[in-house]
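K.L.:
Just passing along the structure, written as structure tokens.
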Amino acid sequence: MAAAHAAAAATAGPVAGGDGAGRRAPRGRVTAVFGRHPVGLLLAAPYAVFVAAVFAYPLGFAVWMSFHDYFFAAPGAVVDRPFVGLDNYRAVLTDPQVRQAFGNIGVFLVINVPLTAGLALLLAVALNRVVRARTFLRVAFYVPYVTASVAVVGVWLFLFNSDGLVNRVLGPLAPDPSWLVNEGLAMPVIAVFVAWKQLGFFILLYLAALQNVPKELYESAAVDGASAWARFRSVTVPAVRPATALVVILATITGANLFTEPYLLTGGGGPNGSSASPVLVMYQRGIQQGQPDVAAAIGVLLVIGVLVVSAINRRLLERD
Amino acid sequence: MRRTLPAALLTVALAATAGCGGSGGGDAGKANAARGPITVWLSNNAEEVAWGKAMVQAWNAQHADQTITAQEIPAGTSSEEVIGAAITAGNAPCLIFNTAPAAVPQFQKQGGLVALDSFADATDYITARTGATAEQYKSPDGRFYQLPWKSNPVMIFYNKKVFARAGLDPEKPQLATYDQFLAAARKIKSSGAAPAAIYPAPTSEFFQSWFDFYPLFAAETGGRQLLDGGKPQFASPEGQRVAEFWKTLYAEGLAPKEKYNGDSFADGKAAMAIVGPWAISVYRDKVSWGAVPVPTSTGVPADQVRTFSDAKNVAMYSACQNRATAWDVLKFATSKEQDGALLTATGQMPLRADLPAAYPDHFAKNPAYQGFAQQAARTVEVPNVPNSVAIWQAFRDAYTESVIFGKKPVPDALSAAAEKAEQLAAS
């Protein structure tokens with residue numbers, strides 16, 4: 001009987017007056033469709049439209065393209081774009097160049113992500129302690145991040161060319177073939193370049209995270225006789241773990257979308273394709289060679305790969 | 001509701017996507033007969049822009065109701081990509097005086113080009129102006145989607161001062177055979193006269209083979225294209241000889257494997273370069289140069305050597321509404337008078353059958369261009385086949401692997417690339 005009363009009350013909604021009237025909105029049809037705060041939906045609508053237009057639509061379009069024999073055509077041109085099932089995916093997965101590009105990006109991520117996260121954390125900790133010239137140093141680390149890749153690539157070419165500064169310093173120890181034409185070294189050089197270029201942004205993320213670490217933890221650890229390294233390992237690293245998860249995921253996503261650096265630094269993915277990235281191959285197939293359907297299939301596989309790697313990263317880094 | 005709204009948006013987007021694809025289209029016959037203002041794009045080479053502006057001014061002065069608006073081709077990674085995007089967007093101009101023959105099959109597939117022989121006098125005009133060479137510019141369906149406009153027949157430029165320093169004859173260099181070329185290259189390198197004998201771009205872009213392998217392949221085969229009737233020719237004994245020649249240059253360090261950021265020939269980093277007559281005005285004040293035909297294995301006489309044309313043509317794009325005017329402009333811009341103006345302004349060779357005879361005064365005054373003018377009659381174009389760019393990329397990848405980096409035997413790499421190219425040409 002009590003249950004029946006409760007159900008009836010729930011169906012009828014809140015009664016006027018009483019304590020509940022001031023806290024709960026009326027449950028009309030508008031509320032049922034748009035929730036308790038329709039104005040929130042209104043405020044979010046422009047962004048939702050933006051996401052639908054610039055993300056959901058292209059993504060859906062790309063998936064659609066990858067299942068069709070699709071090519072770009074002039075408006076009004078009568079062209080046939082039949083459904084081809086998994087043909088584009090089959091073509092992509094059996095293409096040695098695409099497989100090589102995914103392998104290359106694996107090499108890149110294995111070098112770049114730990115390097116980025118490790119260096120960014122160490123430099124952020126160091127910068128957090130610097131008293132003098134703090135602003136100058138932070139800006140100095142941030143400048144490469146905001147400088148166009150095209151501009152800084154020129155500097156790295158000057159450094160890593162056969163007759164570049166690095167080889168002149170190394171003398172007989174210089175690698176042969178040189179860095180950017182060496183199949184084993186081209187991608188590592190790019191990975192280091194990207195780590196250096198993006199370090200400023202990730203340092204900022206860590207600096208923000210470090211502000212939230214209670215000083216009492218360091219003081220307690222110091223009182224207990226913990227060394228600087230022990231304090232870093234036992235206090236700082238666990239305290240910034242959410243930031244580390246963010247850094248690793250962002251670095252992974254950025255790295256998986258690598259294009260400019262191999263295009264400019266190694267002359268279009270050389271030597272012998274050893275620095276070609278999936279996005280570079282997408283560009284070649286989709287734009288240069290007029291096969292946007294194949295390029296779309298590469299893109300879809302890349303998105304799936306990045307999602308899987310990011311999920312694994314998140315699971316590993318955010319678990320308690 | 002939380003899940004329904006995004007799902008609905010995605011569904012609408014996909015439905016809209018599936019719905020697009022295009023149909024209908026304008027009335028081609030009506031557009032072909034229509035006259036009125038048109039737009040054209042010019043290359044962004046300063047000399048060509050100057051010629052283009054003068055040509056437009058001359059036309060506009062006589063056709064107040066059919067004026068031309070000209071602009072440089074919008075900036076992009078390459079003009080082919082810009083044009084491809086413009087076709088898709090439907091905002092391509094009527095004429096583009098910078099259409100690469102290798103991209104024509106792709107533009108045609110996109111429905112972006114107007115078949116020029118849909119104009120009654122087009123075939124006669126093209127063949128009368130260009131001669132037998134015009135056949136190379138026909139599409140597989142036998143129609144002209146491009147008007148052969150100008151070429152830059154590729155030859156070997158050499159630096160006379162570097163040759164002299166290396167103990168080589170700067171006036172009559174021995175560069176006709178592969179053995180002679182290699183001997184000269186080794187002497188240049190060992191003497192320290194220049195860091196490199198020759199420095200073609202060793203990078204992976206599909207078009208780079210037009211400036212190392214292809215000119216020599218054209219010469220070695222007596223004028224064969226990369227594909228003949230859809231069948232790849234580059235894995236032939238001739239193609240292998242050319243590839244092995246370049247492989248020797250790379251293996252001995254006579255040609256560097258690393259990209260050079262700049263002009264290696266103008267900067268004195270290389271003793272030789274493979275370039276067309278556009279380079280004459282560029283190098284005039286920088287290098288004391290000479291030019292000879294590309295080498296062959298047996299030393300084919302200079303007056304018989306074939307080479308790559310490096311042509312740029314004019315095409316009419318399907319977005320054009322006043323096509324009758326566009327066709328008249330095309331004929332006006334490729335008339336004997338305008339071709340002469342182009343030759344004088346840029347040094348590039350109009351694709352005319354009677355080139356040296358048509359402008360005797362120009363060649364008498366500019367003897368440096370004579371060799372190129374004679375060579376212009378013996379040029380080989382890229383094959384006009386479907387998936388042309390993908391085929392060139394497949395070839396370049398194999399070339400890079402086997403010739404530049406020596407990772408695979410030349411016959412194996414070329415055979416594998418030929419198999420892939422044949423599939424692409426057939427699809």
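Chain order of the listed sequences is A and B.
Counting from 1, one number per residue, gives the positions in the first sequence under the UniProt record's numbering.
Counting from 1, one number per residue, gives the positions in the second sequence under the UniProt record's numbering.
No residue lacks a Cβ here, since even glycine has one placed at the ideal position from N, Cα and C.
Taking the alpha helix (DSSP H) that A416/B falls in, what are its first and last residues?
P.N.:
Against the second sequence, residue 416/B aligns to sequence position 416. It spans 410-426 - the alpha helix (DSSP H) in which A416/B sits, taken as one unbroken run.
K.L.:
Taking C-beta pairs closer than 9 Å, name the residues in chain B that F71/A reaches, listed in chain order.
P.N.:
Sequence index remark: in the first sequence, residue 71/A carries index 71 (1-based). Here the neighbours are Q106, K109, Q110.
K.L.:
In chain B, what lies closer than 7 Å to G286/A by C-beta?
P.N.:
Here residue 286/A is taken as the residue at index 286 of the first sequence, counted from 1. Per Cβ cutoff of 7 Å: no residues; G286/A is ~10 Å from chain B at best.
K.L.:
Going by the CB atoms, is the gap between A103/B and S388/B shorter than 9 Å?
P.N.:
On the second sequence, position 388 is the one that residue 388/B refers to. On the second sequence, position 103 is the one that residue 103/B refers to. Yes, these two residues count as a Cβ contact at 9 Å.
K.L.:
Out of curiosity, what's the CA-to-CA distance linking V154/B and G142/B?
P.N.:
Counted from its first residue, the second sequence places residue 154/B at position 154. Counted from its first residue, the second sequence places residue 142/B at position 142. Using only the alpha carbons, I get a separation of about 27 Å.
K.L.:
Rounded to whole angstroms, what is the Cα-Cα separation between N384/B and W210/B?
P.N.:
Here residue 384/B corresponds to residue number 384 of the second sequence, with the count starting at 1. Here residue 210/B corresponds to residue number 210 of the second sequence, with the count starting at 1. Distance between the alpha carbons of N384/B and W210/B: 15 Å.
K.L.:
Are the segment 183-199 of chain B and the segment 160-173 of chain B in contact at 8 Å, needing three or more beta carbon pairs?
P.N.:
As far as the Cβ criterion goes, the segment 183-199 of chain B touches the segment 160-173 of chain B, which means the pair count is three or higher.
K.L.:
Can you confirm whether L307/A, when its beta carbon is compared against all beta carbons of chain B, has any partner nearer than 9 Å?
P.N.:
For the purposes of this step, residue 307/A is identified with residue 307 of the first sequence, where counting begins at 1. Cβ-Cβ to chain B under 9 Å: no for L307/A.
K.L.:
For chain A, find out if any of its Cβ atoms is closer than 9 Å to the Cβ of S204/B; answer yes or no.
P.N.:
Indexing the second sequence from 1 puts residue 204/B at position 204. Output row for S204/B: interface = yes.
K.L.:
State buried or exposed for P292/A, treating a residue as buried only when at least 16 other CB atoms are found within 10 Å of its CB.
P.N.:
For the purposes of this step, residue 292/A is taken as residue 292 along the first sequence, with counting starting at 1. Under this definition P292/A is a buried residue.
K.L.:
Which whole-angstrom value is the C-beta distance of P293/B and A302/B, which I expect to be below 8 Å?
P.N.:
On the second sequence, position 293 is the one that residue 293/B refers to. On the second sequence, position 302 is the one that residue 302/B refers to. About 5 Å separates the two Cβ atoms, so the contact holds.
K.L.:
Kindly provide the ranges of any beta strand (DSSP E) runs that are 3 or more residues long and lie completely inside the segment 164-188 of chain B, ordered along the chain.
P.N.:
Listed in chain order, nothing qualifies, since the segment 164-188 of chain B has no complete beta strand (DSSP E) run of 3 or more residues.
K.L.:
Can you find a C-beta in chain B that's less than 9 Å from the C-beta of N257/A?
P.N.:
Position 257 of the first sequence, counted from the first residue, corresponds to residue 257/A. Closer than 9 Å: no.
K.L.:
Determine whether the Cβ of I274/B lies closer than 9 Å to any Cβ atom of chain A.
P.N.:
Within the second sequence, numbered from 1, the residue matching residue 274/B stands at position 274. It does not; no Cβ of chain A falls within 9 Å.
K.L.:
Check distances from the C-beta atoms of the segment 175-202 of chain B to those of chain A and list, in chain order, the residues that come in under 9 Å.
P.N.:
Result list: P195, A201, P202.
K.L.:
Closest to W149/B by CA distance: which of Y158/B, G76/B, A128/B is it?
P.N.:
For the purposes of this step, residue 149/B is taken as residue 149 along the second sequence, with counting starting at 1. The shortest Cα separation from W149/B among Y158/B, G76/B, A128/B belongs to A128/B.
K.L.:
If we define contact as Cβ-Cβ less than 9 Å, is K257/B a contact residue for chain A?
P.N.:
Taking the second sequence and counting its residues from 1, the one referred to as residue 257/B is at position 257. So, interface residue.
K.L.:
In whole angstroms, give me the CA-to-CA distance for F202/A and A120/A.
P.N.:
By 1-based counting over the first sequence, the position of residue 202/A is 202. By 1-based counting over the first sequence, the position of residue 120/A is 120. Those two C-alpha atoms are separated by around 6 Å.
K.L.:
Could you tell me which of Q110/B, S79/B, D65/B, G76/B sits nearest to A77/A, measuring between CA atoms?
P.N.:
Position 77 of the first sequence, counted from the first residue, corresponds to residue 77/A. Looking at the Cα atoms, Q110/B is the closest of the given residues.
K.L.:
Just curious, the beta strand (DSSP E) that I96/B is in, first and last residue?
P.N.:
To locate residue 96/B, count along the second sequence from 1; it is residue 96. Its beta strand (DSSP E) spans residues 95-99.
K.L.:
Counting only Cβ-Cβ distances shorter than 8 Å, please list the residues of the segment 152-180 of chain A near chain B, keeping chain order.
P.N.:
Those would be G154, L157, N161, S162, P177, S178, L180, in chain order.
K.L.:
Are at least three pairs of beta-carbons, each pair with one atom in the segment 212-228 of chain B and one in the segment 136-143 of chain A, less than 8 Å apart?
P.N.:
No: the two stretches stay apart, fewer than three of their Cβ pairs being nearer than 8 Å.
K.L.:
Show which residues of chain A have a CB atom less than 7 Å away from the CB atom of K365/B.
P.N.:
Here residue 365/B is taken as the residue at index 365 of the second sequence, counted from 1. Correct list: empty, because the minimum Cβ distance to chain A is about 40 Å.
K.L.:
Counting Cβ pairs closer than 8 Å, one from the segment 36-55 of chain B and one from the segment 313-323 of chain B, do we hit at least three?
P.N.:
Touching, yes, given that three or more Cβ pairs across the two stretches are closer than 8 Å.
K.L.:
So A70/B and V82/B are supposed to be a Cβ contact under 8 Å. How far apart are they, rounded?
P.N.:
Here the question's residue 70/B lines up with position 70 in the second sequence. Here the question's residue 82/B lines up with position 82 in the second sequence. Actually they are not in contact, since the Cβ atoms of A70/B and V82/B sit about 16 Å apart, beyond 8 Å.
K.L.:
Thinking C-beta only, is L109/A closer than 9 Å to V309/A?
P.N.:
What you label residue 309/A is simply residue 309 of the first sequence in a count that begins at 1. What you label residue 109/A is simply residue 109 of the first sequence in a count that begins at 1. Yes, the Cβ-Cβ distance between V309/A and L109/A is below 9 Å.
K.L.:
Hey, is Q136/B's beta-carbon within less than 9 Å of any beta-carbon in chain A?
P.N.:
By 1-based counting over the second sequence, the position of residue 136/B is 136. So no, Q136/B is outside the interface.
K.L.:
Should E261/A be flagged as near chain B, meaning a C-beta pair shorter than 9 Å?
P.N.:
Working through the first sequence from its first residue, we reach residue 261/A at position 261. E261/A does not count as touching chain B.
K.L.:
Along the segment 94-113 of chain A, where does the CB come closer than 9 Å to a CB of chain B? Name the residues.
P.N.:
For the segment 94-113 of chain A, which is checked against every Cβ of chain B, the residues closer than 9 Å are Q97.
K.L.:
For V143/A, which residues in chain B fall below 9 Å Cβ to Cβ?
P.N.:
Indexing the first sequence from 1 puts residue 143/A at position 143. Per Cβ cutoff of 9 Å: no residues; V143/A is ~23 Å from chain B at best.
K.L.:
Can you check whether the C-beta of E422/B is within less than 9 Å of a C-beta belonging to chain A?
P.N.:
The count along the second sequence starts at 1 and reaches residue 422/B at position 422. Judged by the 9 Å Cβ criterion, E422/B is not in contact with chain A.
K.L.:
So for Q284/A, helix, strand or coil by DSSP?
P.N.:
Along the first sequence, read from residue 1 onward, the residue named residue 284/A stands at position 284. Helix, per DSSP.
K.L.:
Is DSSP giving P367/B helix, strand or coil here?
P.N.:
Residue numbering aside, residue 367/B sits at position 367 when the second sequence is read from its first letter. In this structure, P367/B counts as helix in the three-state DSSP scheme.
K.L.:
Is the Cβ of L5/B closer than 9 Å to any Cβ of chain A?
P.N.:
Here residue 5/B is taken as the residue at index 5 of the second sequence, counted from 1. In this predicted model, L5/B has a pLDDT of only 43, less than 50, meaning its place in the structure is not dependable; the value taken from the coordinates is given anyway. Yes, L5/B counts as interfacial toward chain A.
K.L.:
Quick one: grab the DSSP three-state call for I198/B.
P.N.:
Along the second sequence, one-based indexing puts residue 198/B at 198. In this structure, I198/B counts as strand in the three-state DSSP scheme.
K.L.:
Tell me, please, which residues DSSP counts as bridged to M155/B.
P.N.:
The count along the second sequence starts at 1 and reaches residue 155/B at position 155. Partner(s): V275/B.
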